[in-house]
Structure formats: structure tokens, C-alpha cells
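Q:
Residue numbers (this note's numbering): 6 to 161.
1. To the nearest angstrom, how far is it from the Cα of residue 135 to the Cα of residue 143?
2. Here's a check: name, in chain order, each residue in its chain whose Cβ is nearer than 8 Å to the Cβ of residue 80, leaving out the five neighbours to either side.
3. What's the C-alpha gap between residue 43 and residue 83?
4. Pull the bridge partners of residue 46 from the DSSP assignment, please.
5. Of all Cβ atoms in chain C, is any one closer than 8 Å to the Cβ of residue 128?
6. In chain order, what residues of the same chain lie with their CB nearer than 6 Å to the CB of residue 24, ignoring the 5 residues before and after it?
7. Output the boundary residues of the alpha helix (DSSP H) element that contains residue 62.
8. How would you write the range of the alpha helix (DSSP H) that residue 134 sits in, first residue to last?
9. So, with DSSP's three-state summary, where would you put residue 149?
10. Quick check: the Cα distance between residue 129 and residue 123, rounded to an integer number of angstroms?
11. Rank 64, 30 and 61 by C-alpha distance to the C-alpha of residue 50 and give the top, closest one.
12. Please classify residue 141 as buried or exposed, where buried requires at least 16 neighbouring CB atoms within 10 angstroms.
13. Helix, strand or coil: how does DSSP classify residue 26 here?
14. Less than 8 Å between the CB atoms is what I'm expecting for residue 48 and residue 28, so what's the real figure, rounded?
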């Protein structure tokens with residue numbers, strides 16, 4: 006009779022090591038931290054890691070959108086000949102003086118023109134009266150509920 010011996014694996018191979026509690030900013034999450042793909046321990050549990058990734062993705066999308074808008078605005082202002090900020094650097098000083106004189110002339114012209122007098126508007130009310138039903142429909146369409154409209158509903 007030959008005796009065979011079997012070697013049992015160490016007891017620690019089947020038992021996972023506790024990785025610690027989730028370090029989410031609220032500090033109240035009792036969940037265990039998750040593992041990274043390379044085997045390192047994350048600082049968050051799986052639920053909070055996914056939530057953080059969603060928030061970060063949304064934030065990154067907003068930042069990219071703002072950058073695109075600024076780049077487009079810069080591109081348009083650089084291409085636009087009427088842009089005062091980009092053209093003021095390119096203008097000779099005499100052109101700036103001419104522009105200021107033109108603005109002063111326009112201000113003087115505005116002061117010289119007499120103000121226009123406004124004529125009062127005449128308003129006449131409609132010559133017909135609304136029925137109770139028409140008033141009820143109108144007040145309901147406009148979102149104005151009054152006691153008279155409620156009384157109309159019960160009287161019909």
C-alpha cells in the first residue's frame with residue numbers, strides 16, 4: 006500500500022484581502038474599495054468610481070465645448086475687418102483720431118435733431134360682450150381660475 010499525500014493550498018489564497026473603505030468625499034460610504042486593472046487598490050468603491058467618471062466626463066465635455074466656442078470666436082474676430090480689438094493694433098494713429106472725430110460729429114448731430122413727440126394712442130373696447138361660456142373658456146385658457154368660472158361649471 007502506497008500512501009499518497011495531497012498538498013492543500015494555503016488558506017490565504019481563497020480569502021480576499023480587505024482593501025479598506027471607500028474614500029468618497031461624504032465619508033459615509035461603507036463599501037469596500039475596488040481594484041484597478043493593474044491590481045492596485047482604488048480609493049473609491051465601484052459605485053462611486055462610476056459616478057465620478059460620469060461627472061468627470063460631463064465636465065470634460067463642457068470644457069471642450071467652451072474651448073471650441075472660444076476658438077471659433079477668436080477665428081471669427083481675426084477674420085472680421087470690423088473688429089475693433091484686432092484692428093486697433095493694426096491701425097495707424099491717424100486712423101484712430103479720424104474715428105474719434107467721426108464719433109464726436111455723430112454725437113453733435115444727435116443733439117441737434119429735435120426730439121420727436123409721441124402721439125397718444127386711441128383705444129376703443131370691443132363693442133360686444135362675451136357670454137359666460139366664452140369668459141369661462143378664455144379664463145381657463147389663460148390659466149386664471151376665479152370663483153365665477155367655478156360657479157359657471159356648477160350652474161351648467
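We put the beta carbon where it would ideally sit given N, CA and C, even for glycine.
A quick note: this is a predicted structure, and the numbers were derived from the prediction, not measured.
A: Let me spell this out:
1. Residue mapping note: residue 135 aligns to position 130 of the chain shown, counting from 1. Residue mapping note: residue 143 aligns to position 138 of the chain shown, counting from 1. In this model, residue 135 and residue 143 are separated by some 10 Å (Cα to Cα).
2. Stepping through the chain shown from its first residue, residue 80 is reached at position 75. No residues qualify anywhere along the chain.
3. Mapped onto the chain shown, residue 43 falls at position 38. Mapped onto the chain shown, residue 83 falls at position 78. Looking at the two C-alpha atoms, the distance is approximately 48 Å.
4. Taking the first residue of the chain shown as 1, we reach residue 46 at position 41. In the DSSP secondary-structure assignment, residue 46 is bridged to 40.
5. No chain C appears in the structure shown, which is made up of a single protein chain.
6. Start at 1 with the first residue of the chain shown, and residue 24 comes out as number 19. Around residue 24: 37, 38 and 46.
7. Here residue 62 is taken as the residue at index 57 of the chain shown, counted from 1. Here the alpha helix (DSSP H) through residue 62 covers 51-84.
8. Looking up residue 134 in the chain shown gives position 129. Looking at the DSSP string, residue 134 is not in any alpha helix (DSSP H), and its letter there is neither H nor E.
9. On the chain shown, position 144 is the one that residue 149 refers to. Judged by DSSP in its simplified three-state form, residue 149 adopts coil rather than helix or strand.
10. For the purposes of this step, residue 129 is taken as residue 124 along the chain shown, with counting starting at 1. For the purposes of this step, residue 123 is taken as residue 118 along the chain shown, with counting starting at 1. Rounded to the nearest angstrom, the two C-alpha atoms are 19 Å apart.
11. Taking the chain shown and counting its residues from 1, the one referred to as residue 50 is at position 45. The shortest C-alpha to C-alpha distance from residue 50 to any of 64, 30 and 61 is the one to 30.
12. One-based indexing of the chain shown puts residue 141 at position 136. With 16 or more other Cβ atoms within 10 Å, it is buried.
13. Position 21 of the chain shown, counted from the start, is the residue given in the question as residue 26. Note: residue 26 maps to strand in three-state DSSP.
14. Here the question's residue 48 lines up with position 43 in the chain shown. Here the question's residue 28 lines up with position 23 in the chain shown. About 5 Å separates the two Cβ atoms, so the contact holds.
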